[in-house]
Amino acid sequence: MLKVENLHAFYGKSHVLHGVHFDVNPGEIVALLGRNGSGRSTTAKAIMGMVDCTGSVQWKGQQSLGKKPYEIAHLGIGYVPENRDIFPKLTVHQNLQLGEKRSGQKGRWSFEDMYTMFPRLKERQHTEAGVLSGGEQQMLTLCRTLMGDPDLIIIDEPTEGLAPKIVELVAEYLQRLKDKGVSVLLIEQKLTIAMAISDRALVMGHGSIVFQGTPDSLRADAYTRKEWLEV
Amino acid sequence: MTAPTSVSAARPPEGARAPSGGSVGANGFALELRDLRKSFGKTEIIRGANLAVRPGERVAVIGPNGAGKSTLFNLVSGRFEPTSGEVLLHGQRINGKKPFEINRLGLSRSFQITNIFPKLSVFENLRCGVLWSLGYRYTFLKFLADLDDANDRAEELLHMIRLDRKRDVLAMNLTYAEQRALEIGITIAGGAGVILLDEPTAGMSKSETKRFIDLIKEVTVGKTLLTVEHDMGVVFGLADKIAVVVYGEVIAFDTPEKVRANAKVQEAYLGSHVADAQVGTH
Amino acid sequence: MEFFTIQLLNGISYGLLLFMLSSGLTLIFSMMGVLNFAHASFYMLGAYFAFTVAQFAGYFPALILAPLLVGVLGALFERLCLRRVHKYGHVAELLITFGLSFIILEMVQLVWGTSSVDYRVPALLSGPLFTLYGTQFPMYRGFMMLVALLMLVVIWLLLTRTRIGLVIQAALTHPETVEALGHNVPRVFMLVFGGGCALAALAGVIGGNAFVTEPGMAGAVGSVIFVVVVVGGMGSLAGAFVASLLIGVIQTFAVGIDTSLVSTLSTIGMEVGPDTFGYALWKLKISQIAPILPYLFLVLILVFRPKGLLGTREG
Amino acid sequence: APAKPAPAAKPAAPAAKAATAAAPAAASTPAKGGPLSGQTVRIAFMDPLSGPFANVGQNQLKSWQFAAEQLGNRAPSGVKFEVVGFDNKGSPQESLNTLKAATDQGFRYVVQGNGSGAGLAILDAVSKYNERNPGKELIYLNYAAVDPAMTNEKCDYWHFRLDADTSMKMEALTTFMKDQPQVKKVYLLNQNYSHGHQVAKYFKDGMKRKRPDVQIAGEDLHPIGQVKDFSPYVAKIKQSGADAIVTGNWGQDLTLLVKAMNDAGLKIPMYTYYAGVTGTPTALAAGGDSEVYVVAYGHANHTGELGKMGADFHKKFNDDYYTYATYNGIGLLNAAMAKAGSTEPSKVAKALEGMQVKSFAGDVTMRASDHQLQQSMFITKWQKAKKGEYSVENTGYTFVPIKQFDPYVSSTPTSCQMKRPSGA
Amino acid sequence: MPVPGATAAPIPAHRGHGYYEFRPLNIGRWILWSLFAIILGVAPMVWTSSLAHTMLSQMGIAIIVCLSYNMLLGQGGMLSFGHAVYSGLGSFFAIHALNLVSKGQWPIPVSLLPIIGGLAGMFFAVLLGWVTTKKAATPFAMITLGVGELVFAMSLMFPEFFGGEGGVSGNRVAGPKPFGITFGPQIQLYYLIAIYTFVCTGLMFAFTRTPLGRMLNAVRDNPERVEFVGYDTQKVRYIAFIIAAFFAGISGGLAALNFEIVTSEVVSGYRSGAYLLFTFLGGATFFFGPIIGGVLMVLAFVLLSEVTKAWLLYLGLVFLFMVMYAPGGIASLIMMNLRVASFGRLRELWVSYLALAATAFLALLGAAGMIEMVYHIKLNPALGPELKFLGTTLNAHSVDSWFGCAFVLLTGIGLFELSRRAFKRQWGEIQSDIEKEIKRREALA
Ligand SMILES: Nc1ncnc2c1ncn2[C@@H]1O[C@H](COP(=O)(O)OP(=O)(O)OP(=O)(O)O)[C@@H](O)[C@H]1O
Ligand SMILES: Nc1ncnc2c1ncn2[C@@H]1O[C@H](COP(=O)(O)OP(=O)(O)OP(=O)(O)O)[C@@H](O)[C@H]1O
Ligand SMILES: [Mg+2]
Ligand SMILES: [Mg+2]
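Written out as structure tokens, the structure is:
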């Protein structure tokens, strides 16, 4: 479904991704692991058309590289950025509204689904998102993207700042997404959870993919873990 | 134009850095919350929190998202004013005081979202943190370059947070982890005895977190430390005591072992196996 | 009573007029955070365009065409200039519109000359609408009030029935994220800026003949429209509306008040004479400062309520 | 303190450009030549040529250049005049810069009129310059700045005013109004600055003398240029029961007032100073019929040479010639230079004192005691132009003279204690 | 904050309290300041006309006021629309003081009157500043706008103090005359202004290196955090506001001496706007930017307007393009090139610069020719179609002139675009080389 080939990305003059190859199949959770600064977030941004890049990104057989972020979003890719870019002056509900690509569109998810998933958000529905607690903001970003009804969702560090119990909940929900036919590209720091729910794991190092395989094979691969994950 | 010198606020840095954890209040607590409450509009977020921290203690504050941990910090540090209840710093009541007044009384905090001076160099960032505590106030009759004590202290801090090499880099050009380190650096710069850290290791990888914990331990020797954390590895690695905040109340305040064993905490927060797993991987 | 009623009517109609002048600015300033110093210049362009169009096609086509033309110009300016400087922050945005206002002024003087043009109220709308206690209320004024109210409704619908307002406010802090959610942010910005300019021009079409169409007309409304927006509160359409009416009414009634501090002081038994220190200030009558009251109001509001009357943020 | 002689290092960039303005004099010029034939006097014109008041300044520059071209180069002196524009942007401080630029370029004659602020600045600076640079004196011809102070407490030997000052105009106006029996209650509405204060003050003084029965129904001062809507003032005027308005307002403060009165249907006469200034007639015409009187030293329907000049000016520039002071200005200089036998300002200034020349409305005299030109005054009325009357700004309206006063009527005393340079 | 010479010198390994350091950059600073002093001293000997002297005097005045404005804008992040209130009130008080001196009622030498102006500016800042600086950002900007409008309106209403339309005039030849210095001749006054300019610039620069100056930068960047390191942000802003007003007042006092007349225009919004525009144009992010801005302000108002009637149009266009392409002002352009120079790479660029300059000049020539023709047609129709333009004669009615100008313009633009692309590539390469070099040095350090 998503096929990334020979992707190079640049921030101005600095070359960050050096030929990334991987793909994501329908209904699959793929974990993208790696150390800080290895280029995982950049990969996500490159797919979304948010950084300068060359190479090829094919989405459902169509070249999406070179398109504008909003065009890519309309093709069905959702993106949850890593630093919780909630819109601080809008209410929680308005944040979610902005997730919809067209207002009032019918997709897999409704506002109610979101509020049942995280009751906390329902309580805070009419507060400015800027005053939400760190964790609440994290939940909000996730839901906001889901409102756009994507077929693939790229999530950058969704569990950061979440209480352990909520982390479990998120893991559970990611699996539910998968059941609904949504593919997930999960960028994670917390190995345990990533390994537990993903179908496949990718490890990134210095801007390229240095390992591809099942979580089990990664668990078995002590070298990769030591060299590229530092656990 | 120099601000009036109020003697009580001027703290000799050496004294503050000495392992005393700041002066001790009448009742022996460095920081005490008494039935603290805070409402935003109709919603009461902090519903009668009580906590008493002894000087030199390292306390981890944990609790579900939205429980009110950051809000507690905001109340204590003067960002918000409590609706009712009391905050005592070294036995002195500080509710309703402005952040800068509280800071001058010896309490300093870091932020959950990095909050530094992006267009100043690392060294300048630290020096800004140092100035007031050395009594320089609003003066414009002295050159910064001549303030030996401030410069030395800033250099020392620079070394402490291991950013020597980035001395003259603008803060906005630092990597995330470096910015977090700087955040801590500014927080401890003024030599406050009570330090509040809000999720200091968020967004860091395991190895960085580990390094960072060591750093925090090192720079807060002898101080009273309160830190919010979700990473149980950090919590158990750092804290002498744990305070559990749920729904705006402190439901438990005890040693790590006892807290972990506490069923109420398990139910409200830890969610059994993840906690174990995390602690395990550490 | 008679005086009161007439002044109330005057006050309300002046307030609505202020709202008409500033509605486009409210849209742009509140939504995009751009202090558009060229707003009044677009207002002037609207008047001049209408003057020219009206010569060929009549007033009512001009009422439509002039705002459209100016809207397109505004959108072009956003596209070619403003967009580039967005990343440098508010001061840069402000200065580029400053530069633009110079250019528009010079262009207007080149095309239409340095003097006023003979742009008249159409015959259909001239004459009194009704007469109250022997004072006429002009029909054109009624028309202006109507248009101001229409503008209010249209902007309100735009902001509440569409998500344009949300998109823009969100984009102020995290434009990239908004785009990643599937919204074409640059286009929305362009449309809003163009729309704001078109509103300014509409005010110009209507204000140009009610007042005077001359190169100085932009400068004349220049800063008072900022007062309206800021007093009302950034980000608040309702605020701007309330502020307009309030300023209109206060200013109008102040004209009728001939008391000064001297007279107030003397009623409480303090004698202030020409030798008293600052006598010039004490003897100032309220009516004398009526037209600058909005600025006083602005300062007081900002000191005691920096968010403005109904505002939600401080800028 | 002798100033360093200033070698004009900067090339005179704009001077050359505008100098071409003086095209060969029109064929109709009577009596060509004179004793100083062949000499050229360059006059620096300093008024706003850009910015909000550019329209007025541009018109006045053209008027000066036109008058120089038409009236120069002929008897009695035969001197040719060249008028060069300097843009002072209406600002007193900028005027001082343009004055420096002009002196650097060797100009010895300065004309200015648009605004007493700039006028007083120039008056003061010229005085100081002449004191500090003996032998290189400048003459300042003021053609429109009407602050009475300039010929009273602040009067200066090197300053000559061609316009009538506020007090003189008010003298004429009150003399006219005293004979209007229907005027019983007057409302004074003025801009809150020195000019507005003066209009109000001189009106009250004059009326008290001439018609003590006339009441002041109300008096308002409003901040200059700040009022967008005059309807509250109109309501107040109406409530006061006034049957006439006297105002020194100009620009939009005047036009908006007239419009508001029309809108409210308040039909009472307005006595004004500045309804004739560029742009105002257009705005007045667009506002509909109203009863507006203007007091001035001239009007739109002169006949004779001035009338012809007006027609030619209109043909040439498609603009109105209303700064008739240019006619007197050039005439006075011409005569004074002939009398002095020189174009040297120190001599010309002396000759100008008490100089009498023929003008478009009888003789005018430059009063020696304060350098205020004594001249006839007119009250004109704004109305639809009949056939043969001059259509002001192509509006189809005109200002018709309804009363002319001889110079003595509007002559006001002066408190000037002129300090004359030794030997003058 | 990156001030020339402020850029990092490597820290000496041993930092003792002896402070006997040899910092190479201090030499650079000495040179810069000496150069500044020399320029101030020599300028009137190079430009000798009386217009030039008054312009140079005004430049000194403008430099002080723009620098003081930049204390607010560049260093404190406070966008003021009412700075002229303080310089202007300074002017008024100084001229009244001057008149008292003239009358012999005040025994103060004329040379100290600017300080009276400064104190007056300061006094009003103390009075009005507390409410003004309560907030930063938009509320601050709008309060200054409101206060500015109020003061300006008042200045016209109170002729008793502000002198009405004619303002207040004075004669600077007054009081004692040490060494025969009367300040009558412009040149004497110029040197007084030059001394004030030098000293004030020095003081304002010194201010940037003091604790308060630094905290002001911190308040600009992150006011919230400042509160948590013990400082009251409002107080920081307030004190800085007062100091800025003091210097503004000094410049106002000098202006009073220079013009010997003060009218209400000095407190007008136009003035404040001009300070803002030209401070920005000079460059608000660098200390020396406003110096350039001040010089340009005088050049624009006095010279440009004499050269062409279209000066406001040119000014508008300059702002448009500067904000778009050099938002850091001229100072930032200079600093960018200095940086390249310090890595020894400037030499490679001069061909490109030459090409850029030549082509830009060409384009400008064409554009200016057309603009001048339009203005000529509009303003001087009666003078015939011919006009002089930079030594040639254009005919506004002839196709040739228009075609010629258009041709020059288009050729200029075309060539400019070509050389711009080449330059951009080259510049990019140099920049990335420099980045690499910096990284390398960092790694070594
Ligand atoms: N805006 C930027 N400009 C320049 N360099 C950048 C920028 N953002 C990231 N980089 C650099 O690109 C590299 C990859 O960054 P990226 O954010 O993709 O890493 P990551 O794997 O997501 O790490 P993290 O765990 O910190 O999120 C890093 O070296 C980083 O310094
Ligand atoms: N200014 C405010 N106005 C309204 N509600 C607020 C405000 N500040 C905080 N809240 C609410 O108070 C609650 C507690 O927030 P707080 O940030 O203290 O949580 P937290 O315990 O730090 O959680 P996390 O671990 O997720 O950071 C949240 O629900 C938040 O939405
Ligand atoms: Mg990342
Ligand atoms: Mg929190």
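Going line by line, the protein sequences match chains Y, E, A, W and P.
The numbers in this note's numbering rise by one with no breaks, and the one at position 41 of the first sequence is 41.
The numbers in this note's numbering rise by one with no breaks, and the one at position 217 of the second sequence is 1217.
The numbers in this note's numbering rise by one with no breaks, and the one at position 300 of the third sequence is 2300.
The numbers in this note's numbering rise by one with no breaks, and the one at position 70 of the fourth sequence is 3070.
The numbers in this note's numbering rise by one with no breaks, and the one at position 318 of the fifth sequence is 4318.
Glycine included, C-beta positions come from ideal geometry on N, C-alpha and C.
So, with DSSP's three-state summary, where would you put residue i?
i                  : result
ASN95 of chain Y   : helix
CYS53 of chain Y   : strand
THR1227 of chain E : strand
SER2260 of chain A : strand
ILE4039 of chain P : helix
PHE4152 of chain P : helix
LYS3419 of chain W : coil
ALA2285 of chain A : Residue identity check: residue 2285 of chain A is Lys in the sequence provided, not Ala. The answer is strand: DSSP assigns LYS2285 of chain A an E or B state.
GLN4431 of chain P : helix
With a cut-off of 8 Å on the beta carbons, I'd call residue i and residue j a contact; round off their distance for me.
i                  : j                  : result
PRO1220 of chain E : ILE1188 of chain E : For the record, residue 1220 of chain E in the displayed sequence is Thr; it is not Pro. THR1220 of chain E to ILE1188 of chain E, Cβ: 7 Å. Contact.
ILE209 of chain Y  : LEU218 of chain Y  : Not a contact, Cβ separation roughly 13 Å.
MET4215 of chain P : TYR4196 of chain P : Rounded, the Cβ-Cβ distance is 27 Å, inconsistent with contact.
LEU1075 of chain E : VAL1087 of chain E : 6 Å
ALA1289 of chain E : GLY1248 of chain E : Outside the displayed range of chain E (1001 to 1282) lies residue 1289 of chain E, so it cannot be described from this structure.
Locate the beta strand (DSSP E) running through residue i, then write down its first and last residues.
i                  : result
ALA31 of chain Y   : 29–34
GLY78 of chain Y   : 77–80
MET3046 of chain W : 3040–3047
VAL3357 of chain W : 3356–3359
Ligand 2 and residue i: does any heavy atom of the ligand fall closer than 8 Å to the residue's C-beta?
i                  : result
SER1077 of chain E : no
ARG124 of chain Y  : yes
Please report the residue range of the alpha helix (DSSP H) in which residue i lies.
i                  : result
MET4055 of chain P : 4050–4070
ALA1192 of chain E : Premise fails: ALA1192 of chain E is in no alpha helix (DSSP H) and is neither H nor E.
THR2252 of chain A : 2237–2255
Relative to ligand 1, is the shortest distance from any of its heavy atoms to the C-beta of residue i smaller than 8 Å?
i                  : result
GLU227 of chain Y  : no
ILE187 of chain Y  : yes
TYR79 of chain Y   : no
TYR1176 of chain E : yes
GLY4428 of chain P : no
SER1205 of chain E : yes
Given the structure, does residue i come close to ligand 4, in the sense that its CB is under 8 Å from one of the ligand's heavy atoms?
i                  : result
SER1292 of chain E : For chain E, the structure presents residues 1001 to 1282; residue 1292 of chain E sits outside this window and is missing.
SER4087 of chain P : no
Is it right to say residue i is buried, meaning 16 or more other beta carbons lie within 10 angstroms of its own, or is it exposed?
i                  : result
LYS3358 of chain W : exposed
Could you check if residue i belongs to the surroundings of ligand 3, using beta carbon to heavy atom distance under 8 Å?
i                 : result
ASP156 of chain Y : yes
query = Name the residues in the stretch 4151–4181 of chain P whose C-beta lies less than 8 Å from a C-beta of chain D; which are they?
reply = Considering every chain present, this structure includes no chain D. Its protein chains are Y, E, A, W and P.
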